[in-house]
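Read the structure below first, then the notes.
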Amino acid sequence: MSLFLMSFLPLCAFAQEGTGTSAVKDITPQALSAILGSVEVIDVNEADNYAFAHVPGARLLPYDAITADVLPGDMATTLVFYCWSPECPAATMAASAAMVLGYTNVYCMQAGITGWQDAGFVTEP
Numbered sequence: 020m021s022l023f024l025m026s027f028l029p030l031c032a033f034a035q036e037g038t039g040t041s042a043v044k045d046i047t048p049q050a051l052s053a054i055l056g057s058v059e060v061i062d063v064n065e066a067d068n069y070a071f072a073h074v075p076g077a078r079l080l081p082y083d084a085i086t087a088d089v090l091p092g093d094m095a096t097t098l099v100f101y102c103w104s105p106e107c108p109a110a111t112m113a114a115s116a117a118m119v120l121g122y123t124n125v126y127c128m129q130a131g132i133t134g135w136q137d138a139g140f141v142t143e144p
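Start counting the sequence shown at 20; every next residue gets the next number (the numbering used here).
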């Protein structure tokens, strides 16, 4: 029975962190631009959207593939996740998953790539 209950502990941790934006720190496109190059930026859009436009230096990683194996080994690494627009929940879900894994400096650019472009920042194709 205790083994059965222990299998639910990761889910409980995820629920504690929450999946809403209140559990994940937001970063604006302007703030991200200022620290770009010193943080790990992760685009959780579909591959075709990533190919169309992404933040310079961002790497593509599906929101549902967030594991310790694909993230940096240093849990203090600053991670910034983003999706297409503020309406897209994938970045928040990915950031929450990283927090559950133990990462301590996790941000979500809620504005998405559209907000990045609207702020006048360049993208990579």
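Using N, Cα and C, we set each Cβ at its ideal position, and we do this for glycine too. Small disclaimer: the values here were computed from a predicted structure and weren't measured.
Under a 10 Å Cβ-count criterion, residue 144 is classified as exposed, with fewer than 16 other Cβ atoms of the shown protein chains found around its own Cβ. Taking 9 Å as the cut-off, the Cβ atoms of residue 89 and residue 128 do not count as close.
Here residue 54 is exposed, its C-beta having fewer than 16 other C-beta atoms within 10 Å. If you look at residue 62, you'll find it in the beta strand (DSSP E) that goes 59 to 62. Straight through space, the alpha carbons of residue 71 and residue 57 are spaced by roughly 24 Å.
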